[in-house]
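Engineer: Supplied in structure tokens, the structure appears directly below.
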Amino acid sequence: MLHCKKHVFRLTALIHSLHKTFPDLLSGDTTYSIPDFKFSYETTTDFWSEDTTLTDGPTTQQPFSEFNTTFYAGTTLSTLSSTDFHRTPSTLGLDDDRFRTQRSLTTEDADRWYSHSTEPNEIGPALYPTKFLPETETPPPSDVTSEDELTTIEPTLSTKKEAPATLGPPMFPDCSKWPCLNGGSCFYSEKGPKCACRFGWEGELCQERQGVQTPALTGRSYLIHRLSNDTGAVIGVDIRTLAPTGLILYAAISPHLYMSTYLQDGLLKFQFSCGVQTMVFSEVKLHINNGYNINIMAIIEMGSTIEDLGKCTASLLVNNTLKMSGDQMTALTIKQSSENLLYLGGLPDYLQPQIDIPVKTGITGCMRALQIDAVEVDIYNDAVEGEQITECSSLACLSNPCHGTATCVEFADTWNCLCPNGYVGLTCEQSVCLNNPCHFGATCVQYPGSGFLCLCPLGKHGLFCEHDLEVGQPSFFSSVNGLSSFIAYPLPTAIHNSFELRFRFVAEDADQISLMLFIGQDHMHDAMTDHFAVSFIKGYIALTWNLGSGPRRIFMSQPINVKAHLQQAHTVRLGRLGQRAWLTVDGLGNVTGTSPGRLTQLNTKPIIFIGGHNSENFSILPHDLPLHRGFLGCIFDVQLRAGRISLNLQKTRAAIGRGVGQCATTPCYSTTCHNGGACLNQGATFTCLCPDGWFGPLCSHRYNLCDFTRHNCSSGSTCVPLIEHYECDCPIGRSGKFCEKEEQLSDVSFSGTRSFLSIAQQELHLLETTLEFELKPEKERGLIMFSRNSKHNSFFAISLQGGVLELRLLTQGGSNGGEIIVVRSGRILGMNAWHKIQMSRFGRRVQLAVDGTSNSATLLTGQVLLATDSLLSIGGVSDLSELPNGAMAGLPIPFTGCLRKLMINDKRIQLDERTILVGRNVADCDGTACGGDICQHNGSCWLDISLQAHCNCPQEYTGEHCETQLSCMEVKCQNKGRCQKDEDSEVPRCHCPLGWTGSYCERESAVGAPRFQGDGYLIVDKTASGFKRRGLSERSKRNELEFVYVNFSTAQPEAMILWSSQESELIGIGVESGLLKLVWSWRGEEPSTTVVVPRTVVADGTWHDVAVSITAANITVVADQKATLVFNHHQERLIATDGIFYLGGFPKQRSVQNETKAMFHSSFQGCISELAWSESIGITDFKNFQGENIASCDVHAES
């Protein structure tokens, strides 16, 4: 029975410690002021006061802020500390059988008051407060308004609270009756009276002599001995250490005569001075920090004979071998010192600023066998002073290599760390949250006791958020590590001018200061940022709003009586019309107010947050809202009325949510946590606080399954704890259950369990962007690619949704900036089959194709996809909780399947160890070295006897992976292709005639609408016999231009589209700075007329047309059938050219800049669908014309 009571007290103390580590309220008195409003409130902490004084008499009461607080003193059986939960180092020898079931045996933190080794779990008296809510004066009520109410079944909440545990009087010294012995000093602190013992004494009353044979030095330790010789010293000592840096000894013989030996970056160094100069010697070869016993002898002495008078020598011997020595001249007289002292292992804090040596931090190691001037000295008992000296039992664990509350155990000359729940790694340095084990994008946060906590997305619950949850009446659970639970609903209608809201709530804590509702911006708010918020402030409901001229707050005149009616649901009605807003709670009174200034509209993002906010610590919110926490309780029946629309928001689809449970429902029951573990309800999830000796998420194991010596994960992999077992996350290059298999990637396979890889940042924002890869999915959902601009909230994402491929782009700018553009594939991908995926962007047009079937979308004018500032993640991301909202439809999960043949902007990227910067749980798809990424350009792969991959390349390619194309000097161009070396290429290449394409003009190409790629041209001769037909005017037949029409598409901001001239008579159409540009001139006219048509952005990838009509009196330009410009001239005739139209460029790579006399500078990149020089005849089929390097424009045609 006594054992059960101990566990109850341990869990009670642990829960109180958690409340202190994550306080629900703020400390101190705080006053907030805004125009026309002032509100003051007081807060208290949930644990003990540091100023409380305990006596041996009855329990006393002391004021705490303005509350009456009663403190109960007693002994608790918990080793946990609320202030440094993971910082108390513990050591445990291997010869102690208790190390398998106990995590902490001794505590050496300076903030602790004593060390009690007989009962590891007793640490001192605990203090628990009882708080009383003070009377508060409130303003008189205003007019009351009434409104029809909605009917809802009210939730039932458990209100049972345990009384604080109290035990008998403390078993510690009372400074008034039992003073500390042997010169110890008694003082009070938050855990009761404590004796600070003098050097050499220990125990609760300093009653025991501390016997140390071999001192252990921790880096903060030191020992002080007196020296008797004023003219020198011979110091010998044995040391064992593994530390790379630290002070071994410092001998101060006189004010100007000293020597020092220390380690710096693993090298032994010796420094001395005889009053004139300082000399430093370094041993560059010998490393003594190897854990073996090393004898060091340091000698410094003044000359004693007439010949040596004024000479000072110093030397250092290691294991009786001379390593360093030196001498210098000194003053004839040396000042005598009353305190000649030797400091071993370190220096007192007060002395460090006074001494000029490079290393002042203490050494970590063990010392023994001290000799001073050839006389053996008891290194501990003969010391005159010391600090933090213990017996050297474990050199390996002496430096406290284990992080947090992990326990260090020694095995021979090495050590291992026994990790607490939620921590993994050799030194327990890594939280399991770094390899987020939570599912569906849940947020993993570090949490005391259990080590971690999963904050589930809306609709999920469970320890790892692995189960579905239907939320009818949402419950919210305040904030954990600055993250609150919340639900966000999209607002379906405008609320700029007026709206009304009604909701019901049940509060679980009357003293909370929390956010109940918020409407605002998605960026940092300031004093003039529009917002609308409802707060719960110690029982008062407050409404704050800002229309851009400053905030205003109103609140109810009386607090709701939460303590008396914890299960009662309260109704809040509020609204706004222009500057005026009103608020009423339970129909008890109506409060109204008017915002400052003259602005009357509320301009916010159309999202309402309920119960909290998605920002950490509410840091982007305005006014005093960052000092709030998430609401603790239930909020339901949220009804919005705006104009003619009345809507129950909780019946609409929520935009986002986190940590939301179902009201009156708890995941904790008697058998949730095993072996006496305490279950803490966190709404959609829970956590188990395990008794001593039990580990795991459910307290099911006697040890941490992910302890370095327990799990089987291979070196370099990471152990991830699950409910009843563990998994191994493998780095790139390894695979298998325990990452035991070395993997050579030839085409990548993603396991779908926290799997992803990342390559270097890519340019996916360009006006002309192409992305190609092959995909073999194994499941119908998963994130395939993701990259973002985190500073400006823009992203690029490709995912699978029910077998349908989705491209999602979050753009900025334009009238709909910040909205997500979605392009879905026109077909469903079959599972376990390879599919060719193509994504392209051409200006404002974005296209997604699967196996040749494409769908597209068009960005609105002004919308831009910003350059990413992150790596390109493939198959998933390192932590799905960091994925921005909307990057994937539904809750995010990693992709499961294979991917190969990645090409970005016509550059092949082979996914292997050379290009993958970081990744996890990625294997080879086919399990052989001959994967789809090994041989390029249709090369065939074969394996030799050693199973190494080799490529048989087509005749046009060479290289290990067929990556190098042979020049047309080695492989002849086909179909009358022309071999020529360009200015921007290192080797000659084939220039293919119209109708042919490929590296060697080997593939026939259907021209249709021609596509120009910056190195091609078309020649259309209107004087050819095919156009001398009926319908052309006599002037047109004489090559006089009456009309020119072009329909084109481009994303290039500078280019020539059309050119026709004869001598100095010319007409040209192109693009300059993204706008439409026209030039023309008559013979003898200088300079030519140049017109850049304003507000005609044509370099956007969409189709545009321009029609130019020429008469003897004027020129009329019509752009996109709406922008009309008329230019008068005095030539009294038409423009006459040679009748030849050059489209896109000129033959034989003639310079555009030279041919157009610098009116245009670049060849055309884009498409032309139609050309006409008569209103009755237009050309749409260009296959019979002369041209070169022309492709088909089907990719950019309208879908």
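Here the sequence shown is numbered in the numbering used here, starting from 66 and rising by one per residue.
Backbone N, C-alpha and C define an ideal beta-carbon position, used for all residues, glycine too.
Is the beta carbon of I1132 closer than 8 Å to that of S1138?
Structural biologist: Locating residue 1138 in the sequence shown gives position 1073, where the first residue counts as 1. Locating residue 1132 in the sequence shown gives position 1067, where the first residue counts as 1. No.
Engineer: For L664, which residues of its own chain have a beta-carbon under 8 Å away from its beta-carbon, when the five flanking residues on both sides are left out?
Structural biologist: Taking the first residue of the sequence shown as 1, we reach residue 664 at position 599. For L664, where only same-chain residues beyond five positions count, the Cβ hits under 8 Å are L612, G613, S614, Q644.
Engineer: Under 8 Å, with one C-beta from each stretch per pair, do the stretch 893–905 and the stretch 1148–1162 reach the 3-pair mark?
Structural biologist: Judged by Cβ distances under 8 Å, the stretch 893–905 makes no contact with the stretch 1148–1162, as fewer than three pairs qualify.
Engineer: Under DSSP, the alpha helix (DSSP H) around L460 begins and ends at which residues?
Structural biologist: Your numbering for residue 460 matches position 395 in the sequence shown. It spans 460–463 - the alpha helix (DSSP H) in which L460 sits, taken as one unbroken run.
Engineer: When we look at the beta-carbon of G1042 and count the other beta-carbons within 10 Å, is it buried (16 or more) or exposed?
Structural biologist: Taking the first residue of the sequence shown as position 1, residue 1042 is located at position 977. Classification for G1042: buried.
Engineer: Check whether the stretch 1228–1238 and the stretch 1067–1087 touch, using three or more Cβ-Cβ pairs below 8 Å as the test.
Structural biologist: Touching, yes.
Engineer: Roughly how many angstroms separate the alpha carbons of L307 and G506, rounded to a whole number?
Structural biologist: As a working mapping, residue 307 is identified with position 242 in the sequence shown. As a working mapping, residue 506 is identified with position 441 in the sequence shown. For L307 and G506, the distance between alpha carbons rounds to 43 Å.
Engineer: What does the Cβ neighbour count give for E372, buried or exposed, with the cut at 16 atoms within 10 Å?
Structural biologist: As a first step, residue 372 is located in the sequence shown; it is residue number 307 there, counting from the start. By the neighbour-count rule (16 or more Cβ atoms within 10 Å), E372 is not buried but exposed.
Engineer: Just list the beta strand (DSSP E) runs in the stretch 511–564, keeping only unbroken ones of 3 residues or longer that don't cross its boundaries, in chain order.
Structural biologist: Qualifying beta strand (DSSP E) stretches, in chain order: 516–520, 539–542, 551–555.
Engineer: State whether the stretch 736–745 contacts the stretch 758–766, with contact taken as three or more CB pairs (one from each stretch) at a distance under 8 Å.
Structural biologist: At 8 Å Cβ cutoff, the stretches touch.
Engineer: Which value, in whole angstroms, describes the spacing of the CA atoms of G524 and D533?
Structural biologist: Taking the sequence shown and counting its residues from 1, the one referred to as residue 524 is at position 459. Taking the sequence shown and counting its residues from 1, the one referred to as residue 533 is at position 468. When rounded, the distance between both Cα atoms is 6 Å.
Engineer: Please classify E947: is it buried, with 16 or more other beta-carbons within 10 angstroms of its beta-carbon, or exposed?
Structural biologist: One-based indexing of the sequence shown puts residue 947 at position 882. It counts as exposed.
Engineer: Taking all protein chains shown into account, do 16 or more other C-beta atoms lie within 10 angstroms of the C-beta of D587, making it buried, or fewer, making it exposed?
Structural biologist: Taking the sequence shown and counting its residues from 1, one reaches residue 587 at position 522. By the neighbour-count rule (16 or more Cβ atoms within 10 Å), D587 is not buried but exposed.
Engineer: Given this structure, state the Cα-to-Cα distance separating A1074 from P539, to the nearest angstrom.
Structural biologist: Position 1009 of the sequence shown, counted from the first residue, corresponds to residue 1074. Position 474 of the sequence shown, counted from the first residue, corresponds to residue 539. So the alpha carbons of these two residues sit roughly 58 Å apart.
Engineer: Tell me whether L875 is buried or exposed, calling it buried when 16 or more other Cβ atoms sit within 10 Å of its Cβ.
Structural biologist: Here residue 875 corresponds to residue number 810 of the sequence shown, with the count starting at 1. Answer is buried; the Cβ neighbour count reaches 16.
Engineer: Residue ranges of each beta strand (DSSP E) run of no fewer than 3 residues wholly in the stretch 414–468, ordered along the chain?
Structural biologist: Taking only runs of at least 3 residues, the beta strand (DSSP E) segments lying wholly in the stretch 414–468 are 429–437, 440–442, 450–452.
Engineer: For the structure I just gave you, are there three or more beta carbon pairs, one from the stretch 294–313 and one from the stretch 425–435, closer than 8 Å?
Structural biologist: Contact between the stretch 294–313 and the stretch 425–435 is present, because at least three Cβ pairs lie under 8 Å.
Engineer: Do T1189 and V1183 count as a contact pair if the criterion is CB distance below 8 Å?
Structural biologist: Position 1118 of the sequence shown holds residue 1183. Position 1124 of the sequence shown holds residue 1189. Yes, Cβ-Cβ distance for V1183 and T1189 is below 8 Å.
Engineer: For G927, tell me which candidate among E884, Q877, S921, G940 has the shortest Cα-Cα distance.
Structural biologist: One-based indexing of the sequence shown puts residue 927 at position 862. Ranking E884, Q877, S921, G940 by Cα distance to G927 puts Q877 first.
Engineer: Can you tell which of L1236, G356, I552 has its C-alpha closest to the C-alpha of L1208?
Structural biologist: Numbered from its first residue, the sequence shown carries residue 1208 at position 1143. Considering only alpha carbons, the answer is L1236.
Engineer: Would you call the stretch 804–817 and the stretch 917–926 in contact, with 3 or more CB pairs under 8 Å?
Structural biologist: The answer is no - the stretch 917–926 does not touch the stretch 804–817, with fewer than three Cβ pairs under 8 Å.
Engineer: Can you give the Cα-Cα distance for S1129 and N1112, rounded to whole angstroms?
Structural biologist: Indexing the sequence shown from 1 puts residue 1129 at position 1064. Indexing the sequence shown from 1 puts residue 1112 at position 1047. Computed Cα separation, rounded: 26 Å.
Engineer: Can you grab the Cα-Cα spacing for the pair G1268 / K1037, in whole Å?
Structural biologist: Residue coverage of the chain in this structure runs from 66 to 1264, which leaves residue 1268 outside it and unanswerable.
Engineer: Are the stretch 328–335 and the stretch 272–284 in contact at 8 Å, needing three or more beta carbon pairs?
Structural biologist: Cβ pair count under 8 Å is below three, so no.
Engineer: Would you give the residue range spanned by the alpha helix (DSSP H) that V341 belongs to?
Structural biologist: For this step, residue 341 is matched to residue 276 along the sequence shown. Neither: V341 is in no alpha helix (DSSP H) and is coded neither H nor E.
Engineer: With a cut-off of 8 Å on the beta carbons, I'd call L642 and S563 a contact; round off their distance for me.
Structural biologist: As a position in the sequence shown, residue 642 is number 577, starting the count at 1. As a position in the sequence shown, residue 563 is number 498, starting the count at 1. Between S563 and L642 the Cβ distance is about 4 Å, and since that is below 8 Å, they are a contact.
Engineer: Enumerate, from N- to C-terminal direction, the unbroken beta strand (DSSP E) stretches of 3 or more residues contained entirely within the stretch 1067–1146.
Structural biologist: The stretch 1067–1146 contains these whole beta strand (DSSP E) runs: 1075–1086, 1108–1115, 1120–1127, 1130–1137, 1140–1146.
Engineer: Is L1141 closer than 8 Å to V1171 when the C-beta atoms are compared?
Structural biologist: Residue mapping note: residue 1171 aligns to position 1106 of the sequence shown, counting from 1. Residue mapping note: residue 1141 aligns to position 1076 of the sequence shown, counting from 1. Taking 8 Å as the Cβ cut-off, V1171 and L1141 qualify as a contacting pair.
Engineer: Distance, Cα to Cα, T124 vs W480?
Structural biologist: Residue mapping note: residue 124 aligns to position 59 of the sequence shown, counting from 1. Residue mapping note: residue 480 aligns to position 415 of the sequence shown, counting from 1. Residue placement at T124 is poorly supported in this model, since its pLDDT is 36, which falls under 50; the coordinates still yield a value, given next. Near 47 Å, if we compare the C-alpha coordinates of W480 and T124.
Engineer: Quick one: any contact between the stretch 289–301 and the stretch 464–473, if contact means 3 or more CB pairs under 8 Å?
Structural biologist: No: fewer than three Cβ pairs fall under 8 Å.
Engineer: Using a Cβ-Cβ cutoff of less than 6 Å, which residues in the same chain neighbour S1234 once the five nearest sequence positions on both sides are dropped?
Structural biologist: Along the sequence shown, read from residue 1 onward, the residue named residue 1234 stands at position 1169. So the list reads A1074, N1112, once near-sequence residues are dropped.
Engineer: When you compare only the Cα positions, how much space is there between C753 and L976?
Structural biologist: As a working mapping, residue 753 is identified with position 688 in the sequence shown. As a working mapping, residue 976 is identified with position 911 in the sequence shown. The straight-line gap from Cα to Cα measures roughly 42 Å.
Engineer: Suppose contacts are defined by Cβ-Cβ distances below 8 Å. Is N682 in contact with P671 by that definition?
Structural biologist: Locating residue 682 in the sequence shown gives position 617, where the first residue counts as 1. Locating residue 671 in the sequence shown gives position 606, where the first residue counts as 1. In this structure, P671 does not lie closer than 8 Å to N682 by Cβ.
Engineer: Taking the alpha-carbon positions, what's the M1224 to T508 distance?
Structural biologist: What you label residue 1224 is simply residue 1159 of the sequence shown in a count that begins at 1. What you label residue 508 is simply residue 443 of the sequence shown in a count that begins at 1. Approximately 58 Å, taken between the alpha carbons.
Engineer: Under the three-state reduction of DSSP, which class applies to F1225: helix, strand or coil?
Structural biologist: In the sequence shown, residue 1225 corresponds to position 1160, counting from 1. Note: F1225 maps to coil in three-state DSSP.
Engineer: Which residue wins for smallest C-alpha separation from H504, given the options L831, I1122, G817?
Structural biologist: Here residue 504 refers to the residue found at position 439 when the sequence shown is read from its first residue. Of the listed residues, the one whose Cα sits closest to H504 is G817.
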